[in-house]
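J.: Protein chains in written order, with full-length UniProt numbering: chain A, 1 to 372; chain B, 1 to 372. Pasting in a structure now, in structure tokens, and then I'll have a few things to ask.
Number of protein chains: 2
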Amino acid sequence: METPRFAPLPDSLPETVPFTGPEAIERRRGGAFAARLGANENGFGPSPRAIAAMAEAAAEAWKYGDPDNHDLKFALAAHLGVTPDHVTVGEGIDALLGNLVRLMIAPGDAVVTSNGAYPTFNYHVNGFGGDLYRVPYRDDHEDPAALMAEAARVGARLVYLANPDNPMGSWVTDAEIQVALNALPPGCLLILDEAYVEFAPPEAVPRISVDDPRVIRMRTFSKAYGMAGARIGYAFGAPALIRGFDRIRNHFGVNRIAQAGALAALADSGWLAQTRANVARARNRLGAIAADNGLTALPSATNFVAIDCGHDGDFARRVLVALSDAGIFARMPGVAPMDRCIRVSCGPDDQLDLFAKALPDALRQAGQTPRR
Amino acid sequence: METPRFAPLPDSLPETVPFTGPEAIERRRGGAFAARLGANENGFGPSPRAIAAMAEAAAEAWKYGDPDNHDLKFALAAHLGVTPDHVTVGEGIDALLGNLVRLMIAPGDAVVTSNGAYPTFNYHVNGFGGDLYRVPYRDDHEDPAALMAEAARVGARLVYLANPDNPMGSWVTDAEIQVALNALPPGCLLILDEAYVEFAPPEAVPRISVDDPRVIRMRTFSKAYGMAGARIGYAFGAPALIRGFDRIRNHFGVNRIAQAGALAALADSGWLAQTRANVARARNRLGAIAADNGLTALPSATNFVAIDCGHDGDFARRVLVALSDAGIFARMPGVAPMDRCIRVSCGPDDQLDLFAKALPDALRQAGQTPRR
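Here you go:
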């Protein structure tokens with residue numbers, strides 16, 4: 001019996017995954033984490049109004065969601081000061097990035113990103129046969145000028161820039177992005193991943209015409225709105241590009257509960273302001289915890305903080321293992337020299353208490369013989 | 001300024017969508033439907049335990065869902081009597097079909113389906129550049145023998161068979177599928193879309209080894225479990241094929257609320273039994289309503305009924321328009337001769353009351369001059 005085979009492109013793909021989930025680590029270690037601070041989730045949670053809207057929508061879950069995402073799209077357009085034709089809604093930025101890569105990249109097309117930036121974007125590029133070119137970070141920042149130079153050198157069709165950046169929490173300014181945009185090669189599209197933009201200073205939010213065909217921006221309800229598990233985000237840009245998503249997206253893909261939650265969350269600007277204040281306070285506290293241990297917290301425009309552990313990646317990895325043994329879930333950048341840091345998400349004080357309590361021992365253990 | 005362009009394959013795709021949602025029709029007609037009976041949703045709703053689990057999970061929506069879908073996958077494996085390695089969970093059958101097509105089909109590969117079967121499958125095949133071959137229904141049934149003959153003729157890599165079938169509600173038997181499977185060309189994969197299987201008679205559920213590499217089966221929480229809006233379904237088959245999904249799926253794509261709801265729904269076999277009984281009663285009632293109007297309801301193994309309106313597609317379309325004007329959302333098959341029917345979903349009595357009340361007038365209007 002001849003077994004059905006994968007098509008050549010997927011057949012060539014590895015069986016790797018972009019991320020191991022915290023639940024898998026919990027199953028391996030045989031117990032739940034006491035502090036879940038590794039996935040840049042927002043432990044301050046969704047707006048109570050969003051929770052209520054989602055709980056109410058649960059009883060209506062027998063209905064498919066509106067495939068047009070009409071009400072949310074109109075609300076987002078008003079929120080952004082654009083028209084609904086400039087906006088598309090998707091199942092989180094992960095799905096939007098996958099669809100964008102599918103729209104733009106044929107096998108062998110060149111794509112540029114930063115070395116150590118969002119692995120899921122790379123996963124999508126590999127998945128559609130694109131050729132990835134990676135530009136080093138400069139001083140823990142993504143380097144827009146270098147990204148553009150590389151894009152020109154390799155004839156890229158896509159450039160990825162997260163601003164603010166994950167995993168470092170750093171940001172580049174409007175002015176830097178404007179300069180970079182002018183150096184974008186003709187026919188190349190700039191993806192601005194703005195997942196953390198609600199936590200960023202105004203200078204990090206570029207003033208770009210929404211009709212500029214060279215740029216698409218992506219935002220999410222996963223971070224500032226505390227709805228990562230609901231899977232809903234959006235992209236905005238020139239209508240001709242945005243309409244492209246309708247050619248390939250899973251039209252009934254956004255779940256109805258998330259639609260209701262996102263609509264309620266967007267309307268609750270008071271909760272967003274409170275979350276921003278909570279996150280700013282937690283960032284400061286993570287900075288203080290780092291300092292108490294003789295470490296440096298990097299400046300952050302996100303809801304997480306990269307803490308420089310002062311040694312190499314092996315040391316930071318040992319810190320993470322020791323933290324995990326103590327019930328603290330955190331992560332770290334994957335590439336040197338950023339991997340001298342651990343990355344800790346902001347969260348309520350009781351979670352940060354546990355981190356503060358566990359860190360000194362974890363650092364001590366990491367300084368001893370490697371254990372794994 | 002040179003505008004970024006789509007890759008050649010998506011550039012060739014039309015801006016059509018597989019379906020217009022009922023909400024879009026409601027916005028056009030300027031009011032909500034009084035009876036929502038057109039999308040094969042299950043108006044008897046999710047298990048109260050699933051609703052409670054989803055409402056509870058809403059407050060935890062700040063956490064991403066488990067990318068391994070571990071607990072649900074294990075529960076499904078126990079439910080199916082297979083191992084977790086035989087199961088993959090996805091964002092509804094729509095997403096699973098998209099990923100399967102992406103796994104199996106390179107541009108120009110041949111795919112066989114029935115003419116008038118699920119349009120979203122065709123959308124995915126077109127979206128990945130496959131060549132679709134359509135086999136006619138025979139006596140309102142998909143025709144497994146003809147599907148296999150066509151697959152052999154065109155050298156297909158994929159054959160799609162929905163059993164029970166949408167849009168006709170008909171089914172083929174285990175015996176017919178076994179015969180067909182033996183005629184499947186070497187290297188070709190049979191997709192059994194079993195979205196409605198929980199409503200089907202035992203003879204419609206084929207006995208196929210889960211390790212048979214020639215078949216993949218897909219099921220969902222959208223229909224019998226009443227959770228269409230939660231977007232969660234699963235596929236099962238040989239582990240080597242199932243593992244392929246990990247190469248391309250959106251690992252964090254299934255929302256946490258749906259995971260919790262599906263787990264609770266699967267455990268509530270009492271509610272499922274009650275839903276089956278409710279649906280059987282509603283099918284009978286739809287048959288009686290049809291008969292009261294001099295029409296014939298086709299036998300159905302699903303939660304909807306195709307009602308033969310006794311004329312052509314134009315007539316049935318006029319019936320639908322008149323029903324819509326009366327606040328009743330229904331749909332119809334897209335291809336002759338099945339398009340002599342309208343397709344009405346099962347629902348609670350108050351919904352069917354409205355349909356029963358509106359149908360005589362709708363038929364009368366359809367018999368007069370076409371209005372649109």
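Beta carbons are placed, not taken as given, at the ideal position from N, Cα and C, and that holds for glycine.
Could I get the ranges of all uninterrupted beta strand (DSSP E) runs contained in the stretch 221–248 of chain B, with 3 residues as the minimum, in chain order?
T.: 233–237
J.: What are the uninterrupted segments assigned as alpha helix (DSSP H) that are 4 or more residues long and contained completely in the stretch 142–221 of chain B, given in chain order?
T.: 144–154 and 174–182
J.: Run through DSSP, which three-state label would residue 90 of chain A get?
T.: strand
J.: Check whether chain B comes within 9 angstroms of residue 64 of chain A, counting only Cβ atoms and requiring the distance to be less than that.
T.: yes
J.: Give a yes or no on whether the minimum CB-CB distance between residue 198 of chain B and chain A is below 9 angstroms.
T.: no
J.: Going along the chain, which unbroken runs of the beta strand (DSSP E) with 3 or more residues stay wholly within the stretch 340–367 of chain B?
T.: 341–345
J.: Does the CB of residue 155 of chain B have a neighbour CB from chain A at under 9 angstroms?
T.: no
J.: Taking just the CA atoms, how far does residue 112 of chain B sit from residue 280 of chain A?
T.: 56 angstroms
J.: Within the same chain, show all residues whose beta-carbon is closer than 7 angstroms to that of residue 38 of chain A, passing over the 5 residues directly before and after it, in chain order.
T.: 22, 329, 330, 331 and 345
J.: With distances taken between CB atoms, is the gap from residue 305 of chain B to residue 169 of chain B smaller than 9 angstroms?
T.: yes
J.: Between the stretch 90–116 of chain B and chain A, which residues of the former have CB atoms less than 8 angstroms from a CB of the latter, in chain order?
T.: 91, 92, 94, 95, 98, 102, 103, 104, 105, 106 and 109
J.: Closest to residue 141 of chain A by CA distance: which of A:128, A:234 and A:338 is it?
T.: A:338
J.: Is residue 61 of chain A closer than 9 angstroms to residue 261 of chain A when the C-beta atoms are compared?
T.: no
J.: Should residue 70 of chain A be flagged as near chain B, meaning a C-beta pair shorter than 9 angstroms?
T.: Residue contact with chain B for residue 70 of chain A: present (Cβ-Cβ distance below 9 angstroms to some residue of chain B).
J.: By the 7 angstroms beta-carbon criterion, what residues does the stretch 246–259 of chain B contribute toward chain A?
T.: 246, 247, 248, 250, 251, 252, 253, 255, 256, 257 and 258
J.: So which residues of chain B does residue 17 of chain A contact, with C-beta pairs closer than 8 angstroms?
T.: 67, 246 and 251
J.: Whether or not the stretch 155–170 of chain A and the stretch 260–275 of chain A are in contact is what I'm after, with contact meaning three or more pairs of Cβ atoms, one per stretch, closer than 8 angstroms; do they touch?
T.: no
J.: So, for residue 381 of chain B: in the same chain, excluding its five sequence neighbours on each side, which residues have a beta-carbon less than 7 angstroms away from its beta-carbon?
T.: As shown, chain B starts at 1 and ends at 372. That puts residue 381 of chain B outside it, with no answer to give.
J.: For residue 296 of chain B, list the residues DSSP reports as bridge partners.
T.: B:308
J.: On the three-state DSSP scale, how would you describe residue 289 of chain A?
T.: Three-state DSSP puts residue 289 of chain A in a helix.
J.: Which of the residues in the stretch 322–338 of chain B, read from start to end, lie with their CB under 7 angstroms from any CB of chain A?
T.: none
J.: Pairs of beta-carbons, one from the stretch 232–248 of chain B and one from the stretch 102–121 of chain B, closer than 8 angstroms: are there three or more?
T.: yes
J.: Determine the burial state of residue 284 of chain A: buried for a count of at least 16 other Cβ atoms within 10 Å of its Cβ, exposed for fewer.
T.: exposed
J.: Enumerate in chain order the residues of its own chain whose CB-to-CB distance from residue 77 of chain A is below 7 angstroms, with the five nearest sequence positions on each side excluded.
T.: 83, 84, 86 and 87.
J.: Could you tell me the distance, in whole angstroms, from the CA atom of residue 372 of chain A to the CA atom of residue 278 of chain B?
T.: In this prediction, residue 372 of chain A has a pLDDT of 45, which is less than 50 and means its spatial position is unreliable; nothing more can be read from the coordinates.
J.: Note down, one range per segment and in chain order, each alpha helix (DSSP H) of at least 4 residues found wholly within the stretch 70–125 of chain A.
T.: Counting whole runs of 4 or more residues, the stretch 70–125 of chain A contains the alpha helix (DSSP H) stretches 70–80 and 92–104.
J.: Residue 118 of chain B and residue 163 of chain B look like a contact to me (Cβ under 8 angstroms); what is the Cβ gap, rounded to whole Å?
T.: Residue 118 of chain B to residue 163 of chain B, Cβ: 12 angstroms. No contact.
J.: Let me confirm a value: residue 274 of chain B is counted as buried when at least 16 other C-beta atoms fall within 10 Å, else exposed. Which label applies?
T.: exposed
J.: For residue 309 of chain B versus residue 276 of chain B, is the C-beta distance shorter than 9 angstroms?
T.: no
J.: For residue 367 of chain B, count neighbouring Cβ atoms within 10 angstroms of its own Cβ and tell me buried if that reaches 16, exposed if not.
T.: The residue is exposed, with fewer than 16 neighbouring Cβ atoms inside 10 Å.
J.: Determine whether the beta carbon atoms of residue 233 of chain A and residue 90 of chain A lie at a separation below 9 angstroms.
T.: yes
J.: In whole angstroms, what is the alpha-carbon distance linking residue 316 of chain B and residue 342 of chain B?
T.: 6 angstroms
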